[in-house]
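Below is one structure, written out as structure tokens; the observations come after it.
Numbering (UniProt numbering), first residue to last: 1 to 331.
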């Protein structure tokens, strides 16, 4: 029994519990506007569902890890190998735990992608041409995952080698497609965050950020943790044999799917996410559009008589002052 994998899984799950509690507290408070309240309720529901799925996975993975070792230990201690033979040939509990493990991982992926795709959709200014391909790719990928879980149950319960082989192939295709989809989603999100920060920095804001700080913020805000562990799990699983596999990254992959969007929500509630920078860019654009009008007004006031100024500038002196005050507030 590899003791390291459950220990790391429990440690990461404990960290996830703290994040979940903090996230729920923040989502339940400071919802002043109607739109903010609706988004808060949406993310509250998805975050709770994601946490429940991850908790079920931790319990199921623990049972799947401990149960076989108890069977082997009992057989070696008592000398009665019939329970061991029954376990290896056909064991309902073993089949159920592996089926639930596969199905829960797909459901966790579906929930996490819903949150991350909505996040990408929001920071891309709600552009449908960005989000629709991601939704289609996510639907196809998770459909493969569900097919994999069904064929795994059929192949194991009915001792159907063909169905079991199909489940193995489907599982490999599902993992690869999931890594690609989440990688594309992360690149789109991270690229947009980088562009927004670059626009803000061009106006002299946040110039004190170092390269490491900027990269760490992009990693946290784009949900890059999830595809990173997915790729690592694929590489380790396909380059090592089960006998020499030092660590199982599969539990960390599932838990990272819950941690990544939870971290994003916490940063958003703390006001450290990229949405706060998008408001700055809007203010900068508003100011840049208003500034030429102010300069034109002043130059014309120097050339033409005072009686012609309202007709030429399109407003009275009071309107000019009001525009100047609006610009000062935006800055």
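Cβ coordinates follow ideal geometry from the N, Cα and C atoms, glycine included.
Subject >> residue 184, DSSP secondary structure in three states >> reply: Note: residue 184 maps to helix in three-state DSSP.
Subject >> DSSP three-state assignment for residue 142, whether helix, strand or coil >> reply: Residue 142 falls in the helix class under three-state DSSP.
Subject >> Cβ-based burial, residue 101 [other Cβ within 10 Å; buried from 16] >> reply: By the neighbour-count criterion, in which a residue is buried when 16 or more other Cβ atoms sit within 10 angstroms of its Cβ, residue 101 is buried.
Original post:
When DSSP labels each residue in this structure, what does residue 86 get in the three-state scheme?
Top reply: DSSP, read as helix, strand or coil, puts residue 86 in helix.
Original post:
Does the distance from the CB of residue 258 to the CB of residue 16 come in under 8 Å?
Top reply: Note that the C-beta distance between residue 258 and residue 16 is below 8 Å.
Original post:
Would DSSP call residue 60 helix, strand or coil?
Top reply: The answer is helix: DSSP assigns residue 60 an H, G or I state.
**OP:** Have a look at residue 163 and residue 71 and give me their C-alpha separation to the nearest angstrom.
**Re:** The alpha-carbon atoms of residue 163 and residue 71 are separated by roughly 27 Å.
Original post:
First and last residue of the alpha helix (DSSP H) that includes residue 267?
Top reply: Element bounds for residue 267: 250-269.
Original post:
Which runs of the beta strand (DSSP E) fall wholly inside the segment 80-131 and span at least 3 residues, in chain order?
Top reply: Runs found: none.
**OP:** Count the other CB atoms, across all protein chains shown, that sit within 10 Å of the CB of residue 167; report buried if there are 16 or more and exposed otherwise.
**Re:** Answer is buried; the Cβ neighbour count reaches 16.
Subject >> Nearest candidate by alpha-carbon position, reference residue 260, set 238, 65, 153, 225 >> reply: The option with the nearest alpha carbon to residue 260 is 225.
Original post:
Are residue 108 and residue 120 closer than 8 Å when you measure CB to CB?
Top reply: Cβ atoms of residue 108 and residue 120: not closer than 8 Å.
Original post:
Grouping DSSP H, G and I as helix and E and B as strand, with all else coil, what is residue 3?
Top reply: Of the three classes helix, strand and coil, the one that applies to residue 3 here is coil, per DSSP.
**OP:** Using a threshold of 8 Å, state whether the C-beta atoms of residue 47 and residue 262 are closer than that.
**Re:** In this structure, residue 47 places its C-beta atom within 8 Å of the C-beta atom of residue 262.
Original post:
So what's residue 133 in DSSP terms, helix, strand or just coil?
Top reply: Residue 133 falls in the helix class under three-state DSSP.
Subject >> residue 110 versus residue 56: straight-line alpha-carbon distance, rounded >> reply: The straight-line gap from Cα to Cα measures roughly 15 Å.
**OP:** From the DSSP output, in three-state form, read off residue 247 for me.
**Re:** DSSP places residue 247 in coil when its eight states are reduced to three.
Original post:
What separation, rounded to the nearest whole angstrom, lies between the Cα atoms of residue 2 and residue 198?
Top reply: Spanning the two alpha carbons is a distance of roughly 46 Å.
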